[in-house]
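Novice: Supplied in structure tokens, the structure appears directly below.
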Amino acid sequence: MKLTVFDRSDWGRIRLTGADRVRFLHNQTTNHIEALSAGKGCHTVFVTSTGRTLDLATVYALPESLLVIVSPGMAQPIYDWMDRYIFFSDKVTLTDESDQSFLFTVLGDGADEVARALGAADLIGQANFQHCPVDVQVAAPTEPISVAVGSDLAIAGYTVWGPTSQSQRIWQTILDAGANSGTTAQWESLRIQQGRPMPQHELTDDDNPLEAGLWHSVSFEKGCYIGQETIARLNTYQGVKKRLWGFALAGDRLDASDTSDTSDTSDAAQIVGTALWSDGAKVGKITSVAQTDSGLLGLGYLRTKAGGEGLTVEVKAEVKAEDAEAQVGETTTGAISGTAIALPFISHEYYGSH
């Protein structure tokens, strides 16, 4: 894809410091944080005591701290969630740095040239989440910039963060290296095409990390953590009852979209939250939809027993009729067919199944 930079500064950034920071976060989330050395990172999931999802986070281990990147609107909830589990004897300090720092992500063809422009050529070819401070000529020595391998999607790229005072100059450096400026809508479309789940959509109190396909974010070899028992049992007994899939939706509009409520002309918005049907039975729900060059693409949960990749489903949405053949405000049903497809960011293979 075309080289693009996205301003993700609306994503939350929480820093953990103190001697117990690693042990603390290890016990709060699903992945093996204690296995991270400085310069490494991983995805991890904050879950409730019953294994339900709060947020998918990115953790970067630095020599004296851990930086946790959380979804837009989740900085305060995750900060409060962690804070409630810090006891008097714990040597852990939380700092919300969201308003004092920037976060940019570069992805697409030519991303390595951006890494070189930022002084991070040593990261080229390294594993995802590998990161380091860089000596960018435009940045003051006392205000370090960091670059990490990975785009937070299953697309090659780099993520850059640092103090807000340096944001404009770093942004311009990235543009000068050939990147185009991306929009929030473009990022949303990409994350749906990739299958990256988000809070209020695919990550809710009704969902767990294994249902969301976040197996890469869960360690089954670490000790106890909040929600661990439930998640471990789901894997051991292969008890995942629903799974997140992509859905390639036929056409690019709802059949009844020309009679939709004129207060919302977005076909994608109409589909979110609607049911998936197969052989006359309700088998799931659409959670996100994007209009792509190939038409409508949805994310949604599908009952495991109903099937998986390749299953043909019907998406039925109730819309309010506004055409001449129906009374204004009358509820009618629009329906489109779709096919369940695998997406790069998510997987559905039980741990230890081979």
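As numbered in the UniProt record's numbering, residues 1 to 354 make up the sequence shown, in order. Glycine residues also receive a C-beta, built at the ideal position from the N, C-alpha and C atoms.
1) Please state if the CB of V313 and the CB of S278 are separated by a distance shorter than 7 angstroms.
2) With a 10 Å radius around its C-beta and 16 neighbouring C-beta atoms as the bar for buried, classify A111 as buried or exposed.
3) I need the straight-line Cα distance from S65 to E97, nearest angstrom please.
4) What are the uninterrupted segments assigned as alpha helix (DSSP H) that are 4 or more residues long and contained completely in the region 181-223, given in chain order?
5) Between the C-alpha atoms of residue 355 and G150, what's the straight-line distance to the nearest angstrom?
6) Beta-carbon within less than 8 angstroms of D99's beta-carbon, same chain only, minus the 5 sequence neighbours each way: which residues are those?
7) Would you kindly check if the distance between the Cβ of V134 and the Cβ of I174 is under 7 angstroms?
8) Measure the C-alpha to C-alpha separation of L203 and M74 and round it to an integer number of angstroms.
9) Can you give me the start and stop residues for the alpha helix (DSSP H) that L175 sits inside?
10) For V70, I'd like the list of residues in its chain whose CB is within less than 6 angstroms of its CB, leaving aside the five on either flank, ordered along the chain.
11) Can you have a look at K305 and say buried or exposed, based on whether 16 or more other CB atoms are within 10 angstroms of its CB?
12) Tell me residue 366's beta-bridge partners as DSSP assigns them.
13) Which residues in the same chain as S263 place their Cβ atom closer than 6 angstroms to its Cβ, once the five residues preceding and following it in sequence are excluded?
14) Tell me the DSSP bridge mates of L94?
15) Identify, in the order they occur along the chain, each residue of the same chain with its Cβ nearer than 6 angstroms to the Cβ of T339, setting aside the five sequence neighbours on each side.
16) Give a yes or no on contact between the region 223-235 and the region 41-50, applying the rule of three or more CB pairs nearer than 8 angstroms.
Specialist: A quick look at the data gives this:
1) yes
2) buried
3) Using only the alpha carbons, I get a separation of about 13 angstroms.
4) 184-194
5) The question about residue 355 has no answer here: the residues shown for the chain are numbered 1 through 354.
6) Within the same chain, D99 has close Cβ partners T164.
7) no
8) 12 angstroms
9) First-last of the alpha helix (DSSP H) with L175: S167 to D176.
10) Short of 6 angstroms from the beta carbon of V70, and not among the five residues preceding or following it, lie these beta carbons of its own chain, in chain order: G12, D55, A57 and I78.
11) exposed
12) Nothing in the structure corresponds to residue 366, since the chain is present only between 1 and 354.
13) Legend: pLDDT at S263 = 33, less than 50; position of this residue unreliable, value from coordinates given subsequently. Contacts found: none.
14) Paired residue(s): L16.
15) A248 and T312
16) yes
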